[in-house]
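Oh and the sequence shown: position 9 is 9 in the UniProt record's numbering, straight run, nothing missing. Glycine included, every Cβ here is placed at the ideal spot set by N, Cα and C. Notes follow the structure.
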Amino acid sequence: LHHGSLSLSNFGHLKKAMVKKSRSAIGDVVSREITFHIHKHVHGIAFKKRAPRAVKAIREFASKQMGTKDVRIDSGLNKQVWSRGIKRVPHRIRLLLSRKRNDDEDAKEKLYTLVTFIAADLSKTGRKGLFTTTVDEC
Numbered sequence: 001l002h003h004g005s006l007s008l009s010n011f012g013h014l015k016k017a018m019v020k021k022s023r024s025a026i027g028d029v030v031s032r033e034i035t036f037h038i039h040k041h042v043h044g045i046a047f048k049k050r051a052p053r054a055v056k057a058i059r060e061f062a063s064k065q066m067g068t069k070d071v072r073i074d075s076g077l078n079k080q081v082w083s084r085g086i087k088r089v090p091h092r093i094r095l096l097l098s099r100k101r102n103d104d105e106d107a108k109e110k111l112y113t114l115v116t117f118i119a120a121d122l123s124k125t126g127r128k129g130l131f132t133t134t135v136d137e138c
């Protein structure tokens, strides 16, 4: 059997994969204003688990959006989620996700995400013009 020449040119796709640098999108401090649809995460969940599940869903969403494992939820946001009790969680909520530098020298992660609540009209007519926006920090 003749296999032909096994030069590196035949494996161009592997060569590119080895040379390609891993671009880090999380290297910068940034803030995003987002509407989070809680209802689709707690629909079908037992009443006594809804508010805790909503907080976990927000934490998971923020982690995926900002690329950090360390997610800190502001007490104001927690109060807003729990405002109507454990079972009547708001359907939608407006969030400010802020990726920040960790000042602790012995911290595992360089960056963390702070999730805060933004008061907004989220009725059908009120949320018409609300989109995900990147906020400049001054």
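| Check | Outcome |
| --- | --- |
| Which residue marks the beginning of the alpha helix (DSSP H) containing R53, and which one marks its end? | 50-66 |
| Let me confirm a value: S123 is counted as buried when at least 16 other C-beta atoms fall within 10 Å, else exposed. Which label applies? | exposed |
| Counting Cβ pairs, one atom from each stretch, are 3 or more of them under 8 Å apart for the segment 102-112 and the segment 31-40? | no |
| Report yes or no: is there a C-beta of chain C within less than 8 Å of the C-beta of L97? | Absence of chain C from the displayed structure is noted, only one protein chain being present. |
| Terminal residues of the continuous alpha helix (DSSP H) containing V81? | 75-82 |
| Please go through the segment 101-130 and give each complete beta strand (DSSP E) segment of 3 or more residues, from N-terminal end onward. | 111-117 |
| Tell me T133's beta-bridge partners as DSSP assigns them. | E33 |
| Below 8 Å on the Cβ atoms is my guess for A51 versus V89; work out the distance and round it to an integer in Å. | 6 Å |
| How is residue 147 classed by DSSP in three states: helix, strand or coil? | No answer is possible for residue 147: it lies beyond the span of the chain, which begins at 1 and ends at 138. |
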